[in-house]
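Sequential numbering from 1 applies to the sequence shown in the UniProt record's numbering.
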Amino acid sequence: MNLVVLTGAGVSAESGVPTFRASDGLWEGHRIEEVATPEGFAANPAVVQDFYNQRRRHLARVQPNAAHRALADVAARWDGDFLLVTQNVDDLHDRAHLERPPAPGFELIHMHGELNKARCTASGVVCDWTGDLEAEHASPHHPQGIMRPHIVWFGEMPLEMERIEAVLERCDLFVSIGTSGAVYPAAGFVQSARMAGARTVEINLEPTQGARLFDRGVYGPATEAVPGFFA
Ligand code: BJW
Numbered sequence: 001m002n003l004v005v006l007t008g009a010g011v012s013a014e015s016g017v018p019t020f021r022a023s024d025g026l027w028e029g030h031r032i033e034e035v036a037t038p039e040g041f042a043a044n045p046a047v048v049q050d051f052y053n054q055r056r057r058h059l060a061r062v063q064p065n066a067a068h069r070a071l072a073d074v075a076a077r078w079d080g081d082f083l084l085v086t087q088n089v090d091d092l093h094d095r096a097h098l099e100r101p102p103a104p105g106f107e108l109i110h111m112h113g114e115l116n117k118a119r120c121t122a123s124g125v126v127c128d129w130t131g132d133l134e135a136e137h138a139s140p141h142h143p144q145g146i147m148r149p150h151i152v153w154f155g156e157m158p159l160e161m162e163r164i165e166a167v168l169e170r171c172d173l174f175v176s177i178g179t180s181g182a183v184y185p186a187a188g189f190v191q192s193a194r195m196a197g198a199r200t201v202e203i204n205l206e207p208t209q210g211a212r213l214f215d216r217g218v219y220g221p222a223t224e225a226v227p228g229f230f231a
């Protein structure tokens, strides 16, 4: 059986990573166009770098939770293919999987990029970056380039879309965890999975706007609902 799991900010909320659209969420105090668009970066790179540097520092202080660990357990024992697509730019899934080596059919895709990576605007070369990033740093591969966070901003193409769509076409079970379904193209994956004939499940604190597209809803905190669903 082929499994596709889509995760959003809600899966990391109980680790202490703020979600985006909650009243105390990440966008509070920031204009989205200012910090999460290529235009915002071009207009004021220092503000954008500071926003991501703060988040990078915070990420170093948080740990995977029971939901990340439950998914890592599934990845270690799943018989068919298991694609875990995360919209999250944190590395909490990655760290959970380090503790439990996944089965050969497992793949993890960070479709909106990774906080702990930087990309050269000239060459496109991506490198690990866990410290503070200043706009003027050039890539070792392209000294003229400016380094930017390896993050997919609004208006930019999410990563690995062809691969994700190809796997969704042969998906049997699609589980969406901790995402509001407010951002495309991820919000449309449930429709692709339905067209492939997959069973669809939403796990969230509460039903989302797209809840009617799911065959089943499991509502509660991810640290309880995810281990419970996959038990
Ligand atoms: C819990 C919980 C607990 C809490 N347990 N649950 C009009 C119509 C349709 C589309 C568009 C449109 N206008 C523009 C677009 C396209 C645009 C878009 O979708 N905009 C919408 C706002 C409408 N999309 C894009 O631009 C994307 N690119 C694209 O479409 O490219 C196409 C293209 C074509 C041709 C040329 C070029 C391009 C790119 C989108 C990039 C999104 N980037 C962000 C920011 C990343 C940077 C950063 O991290 O700073 O990614 S936006 C932000 O939202 C972030 C997230 O990954 C993403 C999704 O958020 P998520 O994860 O769902 O979080 P929340 O906060 O919304 O929800 C949390 C949920 O958890 C809630 O439901 C809670 O209930 C739940 N929860 N605690 C369980 N304990």
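Even glycine gets a Cβ: it sits at the ideal position worked out from N, Cα and C.
Hey, residue i and residue j: beta-carbon distance below 8 Å or not?
i: Asp172; j: Ala211; result: no
i: Tyr52; j: Ile151; result: yes
i: Ala186; j: Gln87; result: yes
i: Thr121; j: Arg148; result: yes
i: Leu92; j: Val5; result: no
i: Val190; j: Ser176; result: yes
i: Gly8; j: Gly113; result: no
i: Val11; j: Val62; result: no
Return yes when the C-beta of residue i is under 7 Å from any heavy atom of the ligand BJW, and no when it is not.
i: Leu84; result: no
i: Thr179; result: yes
i: Asn53; result: no
i: Thr19; result: yes
i: His112; result: yes
i: Phe154; result: yes
i: Glu162; result: no
i: Ile151; result: yes
i: Val175; result: no
i: Leu59; result: no
i: Val183; result: yes
i: Met157; result: yes
Can you say whether residue i is buried or exposed, counting buried as having 16 or more other CB atoms within 10 angstroms of its CB?
i: Pro101; result: exposed
i: Ile203; result: buried
i: Asp90; result: buried
i: Asp111; result: A small correction: the amino acid at residue 111 is Met; Asp does not occupy that position in the sequence shown. Label assigned to Met111: buried.
i: Pro104; result: exposed
i: Gly80; result: exposed
i: Arg77; result: exposed
Do the region 42-58 and the region 154-168 meet, that is, are 3 or more Cβ pairs less than 8 Å apart?
-> no
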